[in-house]
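Colleague: Taken in order, these protein sequences are the chains called A and B.
Residue numbers for the first sequence follow numbering that gives the first Met the number 0, so the first one is 0 and each next one is one higher.
Residue numbers for the second sequence follow numbering that gives the first Met the number 0, so the first one is 0 and each next one is one higher.
Each residue gets a CB set at the ideal place from its N, CA and C atoms; glycine is no exception.
Below: one structure in structure tokens.
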Amino acid sequence: MSDTLFLTAIELKGTGAHSQAWRCPDSRAEEVFTAGFWIDQLQAADRAGVDVAFLGDSFASRTLEAAAVAARAAALTEKIGLVPTITVTHTEPFHISKQIASLDFASHGRAGWQVEVSPGAEQAALFGRKAEQDNSSLWREADEAVEVVTRLWDSWEDDAEIRDVESGRFIDRDKLHYIDFEGENFSVKGPSITPRSPQGQPLVVIRVDSTESVSVAAARADIVRIAADTVENAATVAARIRRAVVAEGRDPADVFVLLDVETLVSDSAAEELAQLDNWAGHVRVAESVSHIGDLAGLHLLLGSVEAAGLDGVTLVPLALPSGVAALPATDTRSGSTLRERLGLRRPANLYAREGKSL
Amino acid sequence: MTKKQIHLGAHFPGVNNTTVWADPESKSQIEFDSFVHLAESAERGLFDFFFLAEGLRLREHRNKIHDLDVVGRPDTLTVLNALASVTSRLGLAGTINTTFNEPFELAKQFSSLDHLSDGRAAWNMVTSSDAFTGENFRRGGYLDRADRYVRANEVIDVARKFWDSWQSDAFVVDRERGVFGRESEIGTVRHSGPQFDVEGRFTLPRSPQGHPVLLQAGDSDEGREFGAAKADAIFTIHGTLEDGQKFYSDVKGRLAKYGRDHDDLKVLPAATFVLGDSAQDAAEKADHIRHQQVSGRTAIAFLEQVWGQDLSAYDPDGPLPDIEPSGDVSITRGRARHGDPRTIAQQYRERAEADNLSIRELIIAMTTRQQFVGTPAHVAEEIDGYVQNNASDGFILVPHITPAGLDEFVDRVIPELQDRGSFRTEYTGTTLREHLGLRHPYEQREGVRAS
């Protein structure tokens, strides 16, 4: 991506990434199913100048629906990007499309969507709709779902609403498009019921953890989240993703690659981690580069991530809400929509570009 | 003695021809500020709830997307969650289809809304009856009409099993002993039925209202039965006091067999209103509004729905076509049909002849829903009359202007209703269930009566 823009994102999920974080005295675990808990964290991250908040979700985790939390916070935050996870395995892409577009309207252009799949027999049984799928089947379906959602986002041209009193027409129907998608998993007619949103295309985020997810991310994501055990290895992974992006015929300058960095930031962070691990009864294995220490140390680490050529980081606090309170302050950016703040252009409408032959 | 209290819902003027988009006051139907405006007005007026309708495919007429009416709406749950941050007491009600959603997902979504709004969620349960809408979903349109109702019933049953699966004391945070949620108080749901085989544990604790208030719209015998068995409030449209009273006593009479009380189901017809400084002023305004809602082209399009063919050659200010309906009954898709075309055409003819009406005047006459037209005092008297005489428990008001269409009602009619002692002067509860005077769902199901 850009040489000057280094993104800071944060992942908010429950009381933090450590399974025992709720036991910390200041965890506010009693409030984890209330709006106040989430609003406070999102507002703190917003004030600290964090670019994007990823709100984790799955049908297996005990958490409020992330898209609902993002919508609840829209009017109470100002600049931060709101990116809920919505899984695609059991959910209709038509619903996802209007959900994220509506979040984009409610937040005046700050919406994104983290695409995830729902693996395993347990989640499949909650729906009883289809059998457990393997990773390859899950991501083939995800690939189609993203195609459907992004086409629906463009199914209204920007100037489709005309309100022409003279002719009595509210819309110019020639500027609405059937997407007529036919795939292995879906057939969706369109157009969306929701007009094109402020960003045109809200940002698509994919966290890669398998060969299958890498290829979908390379083809479709605006932000790719990666994990690695060292900064050096992260640079290698990022380079591989950029090559895959190029192979898809896309400009790698359009894609941000962010490294997950697990954090526990305080002057006594090591003791706190020891306490958390002690409660768990085992030592937690880090899932990516981590920083257990003070704020100065975190700045040094972020500097080395930037120097290694990554486009930014996703801070993954092991414990919340203390992990948000300890955020490093970052420069604020200009622009009102998330795309503008990230220096990304508002994409031309697919159907307007291709003309009316569709 | 305390008078029976009126319940009011505020319908966001959505996608249809009753929203007068050509009016200079009309603003966006999609920008969030519009939803905020109507919701804030409704809360200022102490309404029970804000209401959002849904439609999952754009309507078509003669194989083209309909372009005369307001088109374009948001995702219902997203708007309701977002509105929870700019209101504090107002109930948040949304229509969500049971045909194109899965019970676990719905249970989680509505539980989330109820948690995030501190107990203000309501779900208007509808079914979809056409393959046309199904073309936007992988489930598609393959369910036949009867099965859609079977599915709706089962969706609610399964959702309730999930909502009920956490005991009220299941969510605890005991740091000392390391207990986050009492697993023994969280049940595993196992459901096997014609539509669903589902098994697993729900992921959210019981929400402030137990589960959302359940709303249902439908006038058929099946719909009334469904409402009596499962809904907390039922929507309807009845034009006269007598029709309203018949419906009211019919659905209330069905409650006992489900172990429910008279007050466990509220009857809330949809109604429009036009206010004026005098009766004549209001009548003139109402006539003007109806002519804005039904243009000549709109009138012809309505008629084409019945006749099933292109009638664009006919003059909307002239007489009805002298030909019989014969064409394609699905000429308009994405909108509920009216019944047998020949019967309807006959009714139209009789009415047009009796009152000497042009096509446009006829359509205006035939499509006018229950309206309260008059001075604020008169409209208050009428509304109160319907409620005190058991034709309804209140109304869902449908303004014709987005988003300011409720403002005048709040400023001028609400005080009149308050003066009559029929409407609250402040919110006395915090949850929608409390606003509506409904018992907790478990009390209703377990037959617990308030002492």
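1) Please determine if the region 292 to 304 of chain B and the region 241 to 261 of chain B are in contact, where contact requires at least 3 C-beta pairs separated by less than 8 Å.
2) Can you say whether Gly-475/B is buried or exposed, counting buried as having 16 or more other CB atoms within 10 angstroms of its CB?
3) Sorted by chain position, which residues of the same chain lie with C-beta nearer than 7 Å to Leu-142/B's C-beta, five sequence neighbours on each side aside?
4) Kindly indicate which residue of Arg-189/B, Asp-196/B, Leu-203/B, Gln-194/B has the alpha-carbon position closest to the one of Arg-181/B.
5) Residues in its own chain within less than 7 Å of Ala-227/B by CB, not counting five upstream and five downstream?
6) Have a look at Gly-317/B and Tyr-148/B and give me their C-alpha separation to the nearest angstrom.
7) Between Leu-213/B and Ile-395/B, which are expected to be in contact by the criterion C-beta below 8 Å, what is the C-beta distance as a whole number of angstroms?
8) Quick one: Cα of Val-87/A to Cα of Asp-142/A, how far?
9) So which of Arg-174/B, Ser-183/B, Ala-282/B has the shortest CA-CA distance to Ala-279/A?
10) Nearest to Tyr-426/B by alpha carbon, out of Asn-100/B, Leu-45/B, Leu-7/B?
11) In or out: Ser-1/A buried (at least 16 other Cβ within 10 Å) or exposed?
12) So, is the C-beta of Asp-392/B closer than 8 Å to a C-beta in chain A?
13) Nearest CA to the CA of Arg-88/B: which residue from Asn-96/B, Ile-95/B, Thr-94/B, Leu-79/B?
14) Examine the Cβ distances between the region 127 to 143 of chain A and the region 311 to 319 of chain A and report whether three or more of them are shorter than 8 Å.
15) With three or more C-beta pairs closer than 8 Å as the rule, is the region 182 to 190 of chain A touching the region 206 to 221 of chain A?
16) Check whether the Cβ atoms of Ile-362/B and Val-293/B lie closer than 8 Å to each other.
17) At which residues does the alpha helix (DSSP H) containing Ser-117/A begin and terminate?
18) Could you check which residue in Thr-430/B, Trp-20/B, Arg-438/B has the C-alpha nearest to that of Arg-259/B?
19) Is the Cβ of Arg-58/B closer than 8 Å to any Cβ of chain A?
20) Could you check where the alpha helix (DSSP H) with Phe-31/B kicks off and where it finishes?
21) For Gly-111/A, write down the residues that DSSP places opposite it in a beta bridge.
22) Return the bridge partner residues of Leu-175/A from the DSSP annotation.
23) Drop a sphere of 10 angstroms on the beta-carbon of Gln-279/B, count the other beta-carbons inside from all chains shown, and report buried for 16 or more, exposed for fewer.
24) Quick one: Cα of Leu-405/B to Cα of His-36/B, how far?
25) Can you tell me the Cα-Cα spacing of Ser-321/A and Leu-258/A, whole angstroms?
26) Taking 8 Å as the cut-off, does the region 101 to 112 of chain A touch the region 21 to 38 of chain B (at least 3 CB pairs, one atom from each stretch)?
27) Grouping DSSP H, G and I as helix and E and B as strand, with all else coil, what is Gln-370/B?
28) Express the C-alpha separation of Glu-303/B and His-65/B in angstroms, rounding to a whole number.
29) What are the residues that DSSP puts in a beta bridge with Gln-215/B?
30) Identify every run of the alpha helix (DSSP H) within the region 78 to 156 of chain B, keeping only runs that are complete inside it and at least 4 residues long; order them along the chain.
31) Is the shortest distance between the beta-carbon of Ser-60/A and the beta-carbons of chain B less than 8 Å?
32) Excluding sequence positions up to five away, which residues of its chain have a Cβ less than 7 Å from the Cβ of Pro-251/A?
33) Report the partner residues of Asp-173/B according to the DSSP bridge assignment.
34) For the alpha helix (DSSP H) containing Ile-363/B, name the first residue and the last one.
Modeller: Concretely, from the data shown:
1) no
2) With chain B running from 0 to 450 in the structure shown, residue 475/B is simply not present.
3) Taking the second sequence and counting its residues from 1, the one referred to as residue 142/B is at position 143. Once the five neighbours on either side are set aside, the close Cβ partners of Leu-142/B are Thr-98, Arg-150.
4) Mapped onto the second sequence, residue 181/B falls at position 182. Residue Leu-203/B is the option with its Cα nearest to Arg-181/B.
5) Position 228 of the second sequence, counting from 1, holds the residue named residue 227/B. The residues are Val-250, Arg-253, Leu-254, Tyr-257, Leu-264.
6) Position 318 of the second sequence, counted from the start, is the residue given in the question as residue 317/B. Position 149 of the second sequence, counted from the start, is the residue given in the question as residue 148/B. So the two alpha carbons sit approximately 42 Å from each other.
7) For this step, residue 213/B is matched to residue 214 along the second sequence. For this step, residue 395/B is matched to residue 396 along the second sequence. Incorrect: roughly 15 Å between the Cβ atoms, too far for contact.
8) For the purposes of this step, residue 87/A is taken as residue 88 along the first sequence, with counting starting at 1. For the purposes of this step, residue 142/A is taken as residue 143 along the first sequence, with counting starting at 1. If I take the Cα positions, the gap works out to 9 Å.
9) Residue mapping note: residue 279/A aligns to position 280 of the first sequence, counting from 1. Ala-279/A has its Cα closest to that of Arg-174/B, out of Arg-174/B, Ser-183/B, Ala-282/B.
10) Taking the second sequence and counting its residues from 1, one reaches residue 426/B at position 427. The option with the nearest alpha carbon to Tyr-426/B is Leu-45/B.
11) Taking the first sequence and counting its residues from 1, the one referred to as residue 1/A is at position 2. Here the model assigns Ser-1/A a pLDDT of 47, short of 50, so the residue's position is not dependable, and the following value carries that caveat. It is exposed - the Cβ of Ser-1/A has fewer than 16 other Cβ atoms within 10 Å.
12) Walking along the second sequence from the start, residue 392/B turns up at place 393. So, not an interface residue.
13) Residue 88/B sits at position 89 when you count from the first residue of the second sequence. Among Asn-96/B, Ile-95/B, Thr-94/B, Leu-79/B, the Cα nearest to that of Arg-88/B belongs to Leu-79/B.
14) no
15) no
16) Numbered from 1 along the second sequence, position 363 holds the residue referred to as residue 362/B. Numbered from 1 along the second sequence, position 294 holds the residue referred to as residue 293/B. The answer is yes: Cβ separation under 8 Å.
17) Position 118 of the first sequence holds residue 117/A. Neither: Ser-117/A is in no alpha helix (DSSP H) and is coded neither H nor E.
18) Numbered from 1 along the second sequence, position 260 holds the residue referred to as residue 259/B. Answer by Cα proximity: Arg-438/B.
19) Within the second sequence, residue 58/B is the residue found at index 59, counting from 1. No, because no Cβ of chain A sits closer than 8 Å to the Cβ of Arg-58/B.
20) Taking the first residue of the second sequence as position 1, residue 31/B is located at position 32. From DSSP, the alpha helix (DSSP H) with Phe-31/B extends over 31 to 43.
21) Here the question's residue 111/A lines up with position 112 in the first sequence. For Gly-111/A, which the question treats as bridged, DSSP gives the partners Leu-202/A.
22) As a position in the first sequence, residue 175/A is number 176, starting the count at 1. Trp-155/A, per the DSSP bridge assignment.
23) Taking the first residue of the second sequence as 1, we reach residue 279/B at position 280. Gln-279/B comes out exposed.
24) The count along the second sequence starts at 1 and reaches residue 405/B at position 406. The count along the second sequence starts at 1 and reaches residue 36/B at position 37. Leu-405/B and His-36/B: Cα-Cα distance of roughly 9 Å.
25) Counting from one through the first sequence, the residue named residue 321/A turns up at place 322. Counting from one through the first sequence, the residue named residue 258/A turns up at place 259. Each residue's Cα considered, the two are about 21 Å apart.
26) yes
27) Residue 370/B sits at position 371 when you count from the first residue of the second sequence. Three-state DSSP puts Gln-370/B in a strand.
28) The count along the second sequence starts at 1 and reaches residue 65/B at position 66. The count along the second sequence starts at 1 and reaches residue 303/B at position 304. His-65/B and Glu-303/B: Cα-Cα distance of roughly 13 Å.
29) The residue given as residue 215/B occupies position 216 in the second sequence. DSSP, once it has assigned bridges, lists Met-124/B, Ile-233/B as partnering Gln-215/B.
30) 102 to 115, 130 to 133
31) Sequence index remark: in the first sequence, residue 60/A carries index 61 (1-based). By this cut-off, Ser-60/A is an interface position.
32) For this step, residue 251/A is matched to residue 252 along the first sequence. Arg-241, Val-244, Val-245.
33) By 1-based counting over the second sequence, the position of residue 173/B is 174. Per DSSP, Val-178/B.
34) Counting from one through the second sequence, the residue named residue 363/B turns up at place 364. Ile-363/B -> alpha helix (DSSP H) spans 358 to 365.
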